[in-house]
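Sequences listed follow chains A and B, in order.
Our numbering applies: residue 1 is where the first sequence begins, and numbers increase by one.
Our numbering applies: residue 296 is where the second sequence begins, and numbers increase by one.
Every residue gets a Cβ at the ideal spot worked out from N, C-alpha and C, and that includes glycine.
Heads up: the structure comes next, in structure tokens.
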Amino acid sequence: MASICVTACINSGRRRLLGAMAASAAALAMRPSGALQAGPLLKSIPSTGEQIPCVGLGTWITFNVGNDTVLRDECVEVMRAFFAVGGRLIDSSPMYGSAQEVVGYGLAKLERPPVLFSADKVWTSGADEGRRQVELSRRLWGIPRFDLLQVHNLLSWEDHLATLHAMKEAGNLRYIGITTSEGRRHKEFERIMATQALDFIQVTYNIVDREVEQRILPLARERGIAVIVNRPFQQGTLIRRLEGKPLPEWAHEAGARSWSQFILKFIVCRIPPCGPGWRLTSRRFDVRLARLSAV
Amino acid sequence: MSAWLDYRLSDFLMFSPRVYGRLLELYNAAVWPLHVFAVLLGLALLVLAVREAGNAARMMAAILAAAWMWVAVAFLHQRYASINWAAEYVAIAFIAEALWLLRVAWRAPSVPTCWKGGVVVKRIGLAMMLLAVVYPLTAMAKGRPWLQAEFFGLMPDPTLIATLGALLVWRGTFRLWGAIVPVLCCVASGATSWTLDEPLAWLAPVMAMIASVALIVDRLTLTPRR
Numbered sequence: 001m002a003s004i005c006v007t008a009c010i011n012s013g014r015r016r017l018l019g020a021m022a023a024s025a026a027a028l029a030m031r032p033s034g035a036l037q038a039g040p041l042l043k044s045i046p047s048t049g050e051q052i053p054c055v056g057l058g059t060w061i062t063f064n065v066g067n068d069t070v071l072r073d074e075c076v077e078v079m080r081a082f083f084a085v086g087g088r089l090i091d092s093s094p095m096y097g098s099a100q101e102v103v104g105y106g107l108a109k110l111e112r113p114p115v116l117f118s119a120d121k122v123w124t125s126g127a128d129e130g131r132r133q134v135e136l137s138r139r140l141w142g143i144p145r146f147d148l149l150q151v152h153n154l155l156s157w158e159d160h161l162a163t164l165h166a167m168k169e170a171g172n173l174r175y176i177g178i179t180t181s182e183g184r185r186h187k188e189f190e191r192i193m194a195t196q197a198l199d200f201i202q203v204t205y206n207i208v209d210r211e212v213e214q215r216i217l218p219l220a221r222e223r224g225i226a227v228i229v230n231r232p233f234q235q236g237t238l239i240r241r242l243e244g245k246p247l248p249e250w251a252h253e254a255g256a257r258s259w260s261q262f263i264l265k266f267i268v269c270r271i272p273p274c275g276p277g278w279r280l281t282s283r284r285f286d287v288r289l290a291r292l293s294a295v
Numbered sequence: 296m297s298a299w300l301d302y303r304l305s306d307f308l309m310f311s312p313r314v315y316g317r318l319l320e321l322y323n324a325a326v327w328p329l330h331v332f333a334v335l336l337g338l339a340l341l342v343l344a345v346r347e348a349g350n351a352a353r354m355m356a357a358i359l360a361a362a363w364m365w366v367a368v369a370f371l372h373q374r375y376a377s378i379n380w381a382a383e384y385v386a387i388a389f390i391a392e393a394l395w396l397l398r399v400a401w402r403a404p405s406v407p408t409c410w411k412g413g414v415v416v417k418r419i420g421l422a423m424m425l426l427a428v429v430y431p432l433t434a435m436a437k438g439r440p441w442l443q444a445e446f447f448g449l450m451p452d453p454t455l456i457a458t459l460g461a462l463l464v465w466r467g468t469f470r471l472w473g474a475i476v477p478v479l480c481c482v483a484s485g486a487t488s489w490t491l492d493e494p495l496a497w498l499a500p501v502m503a504m505i506a507s508v509a510l511i512v513d514r515l516t517l518t519p520r521r
């Protein structure tokens with residue numbers, strides 16, 4: 001089985017984040033087997049069974065605000081709102097400019113919420129440089145260790161996976177993953193998924209970019225690898241295209257009250273684990289998705 | 296290397312237009328009132344370019360070297376690098392250009408300006424230098440508030456354009472070496488503006504293209520005058 005976490009980049013800040021988390025909660029409300037329960041939808045990490053909320057907080061662009069204290073404090077409010085509605089996973093990367101530092105700033109302001117599930121990446125060439133980068137990232141976050149470290153866009157993945165496995169064995173890391181985005185190097189990505197011990201993969205997946213449905217998502221299911229989805233809104237492009245257009249009635253049936261909720265709902269519904277009701281919702285999306293092309 | 300080829304231009308845009316605008320605003324507030332001095336320097340550069348006095352080229356090169364060094368340290372390294380790690384590398388390129396300009400300033404007596412040959416090229420150069428001085432006005436066209444205006448000597452783009460203008464005003468084959476960094480930086484700046492969806496994103500690359508063509512044509516068709 002594959003689990004999922006969507007790291008939504010919250011371009012419009014707090015409002016969209018809360019909407020995303022609300023979509024997650026709405027999705028939970030539709031579960032046929034269970035009664036309503038408080039908090040966001042949880043999904044399991046296959047390698048341990050640990051449950052995490054299925055909507056996470058991405059930091060690409062949105063958290064890269066430099067030393068601007070006004071914008072940093074806005075990011076803190078987003079993080080505060082995220083944790084307040086039950087969010088846990090925050091994902092960043094050394095590639096994202098000042099994002100790691102801003103996350104660390106926010107965590108310090110929020111007194112380091114114990115529920116945090118910290119996900120970061122290593123993005124450099126060579127094992128030694130990778131180790132140095134991971135340590136620098138940890139210090140920027142201001143945490144004792146990361147929950148998840150991923151090899152960003154497969155850069156020097158052989159070197160870094162060896163380092164990450166050693167860290168995991170030493171108890172300095174809980175989960176290991178690899179990432180790609182925008183459909184880059186999918187063949188090599190599949191090969192690594194098939195041959196290496198991984199807890200997570202991270203790929204681009206949304207209502208338009210669906211290439212991963214062909215091979216990568218089935219392989220993740222087969223290998224028991226959790227899936228983190230990036231670019232759920234195509235960096236805001238999807239939202240901008242749909243802005244001002246009325247949400248179809250059947251989207252309300254699926255538990256979405258806005259386009260951003262609808263887009264996240266699509267992703268959450270498409271990836272197991274899910275009960276019969278989820279599959280039904282998924283089929284509804286499939287049947288009616290063609291209508292979106294007219295939008 | 297192949298890993299880098301996987302990336303698209305937009306993948307390197309790691310900040311939002313709002314964050315960049317705020318960065319300009321805070322930088323301008325921090326360096327005020329240097330803007331007045333910067334405008335005066337830009338005008339001085341223009342006046343020196345029009346004159347044919349022996350010290351004109353020396354002084355122009357010294358002013359430009361100071362501008363490049365200031366932009367490298369005060370803007371690229373201390374400000375822009377906080378949201379764009381690539382700015383550190385650009386800062387190094389700016390320092391290299393500043394050192395090259397210092398060398399030109401040192402050798403200035405052999406770097407004359409000339410109205411008589413390549414008049415058209417020189418006029419293009421003067422026009423570029425004038426554009427660099429009035430560059431803050433482009434804030435209006437870009438839909439930015441005045442607090443985010445870009446000034447010669449304080450920000451990269453007008454400094455790049457002024458330098459290209461000076462290179463067209465000067466004479467000699469050495470100018471081609473000095474054009475490499477400004478031309479590349481103009482292209483990079485245009486690419487960044489384009490991914491930010493800014494109006495006038497074409498301005499710096501077009502200036503770089505005009506300067507490149509003018510320098511090459513000037514090199515091929517005219518004999519340097521002394």
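**Item:** Minimum C-alpha distance to A:Lys187 - residue among A:His165, A:Leu219, A:Ile176
**Value:** A:Leu219
**Request:** Answer with yes or no whether the minimum CB distance from B:Asn323 to chain A is below 8 Å.
**Result:** no
**Item:** Sequence ranges, beta strand (DSSP E) only - wholly within the region 168–197 of chain A, length at least 3
**Value:** 173–179
**Message:** Measuring alpha carbon to alpha carbon, tell me which residue in B:Arg313, B:Gly448, B:Asp513, B:Ala444 is nearest B:Asn323.
**Reply:** B:Ala444
**Asked** Quick one: Cα of B:Trp489 to Cα of B:Val314, how far?
**Response** 16 Å
**Prompt:** So A:Met95 and A:His152 are in contact, right, with Cβ under 8 Å, and what is the actual spacing, rounded?
**Reply:** 6 Å
**Prompt:** Does the beta carbon of B:Phe389 come closer than 8 Å to any beta carbon on chain A?
**Reply:** no
**Message:** Just to make sure I have the definition right: I need the residues of chain B whose C-beta is within less than 7 Å of the C-beta of A:Ile61. Which are they?
**Reply:** Met309, Phe310, Ser311
**Prompt:** Comparing alpha-carbon positions, which option in B:Cys480, B:Ile505, B:Asp513, B:Leu425 lies nearest B:Leu371?
**Reply:** B:Cys480
**Item:** Span separating the alpha-carbon of A:Phe82 from that of B:Leu343
**Value:** 58 Å
**Asked** Can you find a C-beta in chain A that's less than 8 Å from the C-beta of B:Arg439?
**Response** no
**Request:** Step through the CB atoms of chain A and report whether any lies within less than 8 Å of the CB of B:Ile378.
**Result:** yes
**Prompt:** A:Ser258 lies in the alpha helix (DSSP H); which residues open and close that run?
**Reply:** Run containing A:Ser258: none; DSSP gives neither H nor E here.
**Prompt:** From this set, B:Ala356, B:Arg317, B:Ser311, B:Met309, which residue's C-alpha is nearest B:Arg470's C-alpha?
**Reply:** B:Ala356
**Prompt:** Just to confirm, does B:Arg439 get its C-beta within under 7 Å of one of the non-hydrogen atoms of the ligand MG?
**Reply:** As far as ligands go, the structure on display features none, and thus does not contain the ligand MG.
**Prompt:** Given a threshold of 16 other Cβ atoms within 10 Å of its Cβ, counted over all protein chains shown, does B:Gly337 qualify as buried or as exposed?
**Reply:** buried
**Request:** Grab the span of the alpha helix (DSSP H) containing A:Gln100 for me, first residue to last.
**Result:** 99–109
**Request:** Identify each residue in the region 360–373 of chain B for which the Cβ-Cβ distance to at least one residue of chain A is less than 8 Å, and report them in chain order.
**Result:** none
**Asked** Near A:Trp278, what residues of its chain come up, given a Cβ to Cβ distance below 7 Å and the 5 sequence neighbours on each side ignored?
**Response** Any reading at A:Trp278 must be qualified, since the residue scores a pLDDT of 47, below 50, and its modelled position is unreliable; the value itself is stated next. Only Cys269 meet the Cβ criterion.
**Message:** For a minimum of 4 consecutive residues, which ranges assigned as the alpha helix (DSSP H) are wholly contained in the region 116–165 of chain A?
**Reply:** 127–141
**Request:** Measure how close the beta-carbons of A:Pro53 and A:Leu89 come, nearest whole angstrom, since I'm counting them as under 8 Å.
**Result:** 7 Å
**Asked** Which residues in chain B sit within 7 Å of A:Asn230, going by Cβ to Cβ distance?
**Response** Per Cβ cutoff of 7 Å: no residues; A:Asn230 is ~12 Å from chain B at best.
**Asked** B:Asp492 bridges to which residues according to DSSP?
**Response** None; B:Asp492 has no bridge partner.
**chain A contact for B:Arg346 (CB, 8 Å cutoff)** = no
**Message:** Less than 8 Å between CB atoms is the rule here; does A:Tyr96 satisfy it with respect to chain B?
**Reply:** yes
**Message:** For B:Asp452 and B:Leu498, I'd like the C-alpha separation in whole angstroms.
**Reply:** 9 Å
**Straight-line Cα distance separating A:Thr237 from B:Leu510** = 41 Å
**Interface flag, A:Asn206 vs chain B, CB-CB below 8 Å** = no
**Request:** Taking A:Val76 and A:Gly106 to be in contact with their CB atoms under 8 Å, please state how far apart those CB atoms are, rounded to whole angstroms.
**Result:** 4 Å
**Prompt:** Are A:Thr163 and A:Arg131 close, meaning C-beta to C-beta below 8 Å?
**Reply:** yes
**Coarse secondary structure for B:Trp465, derived from DSSP in three states** = strand
**B:Val501, DSSP secondary structure in three states** = helix
**Request:** Taking all protein chains shown into account, decide if B:Ala376 is buried (16 or more other Cβ within 10 angstroms of its Cβ) or exposed.
**Result:** buried
**Asked** Any idea if A:Phe262 is buried or exposed, counting beta-carbon neighbours within 10 angstroms, 16 or more meaning buried?
**Response** buried
**Asked** Within the 8 Å Cβ cut-off, does B:Arg402 reach chain A?
**Response** no
**Inter-residue CB distance, B:Leu396 and B:Met423 (contact presumed, cutoff 8 Å)** = With a Cβ gap of about 16 Å, B:Leu396 and B:Met423 do not count as contacting.
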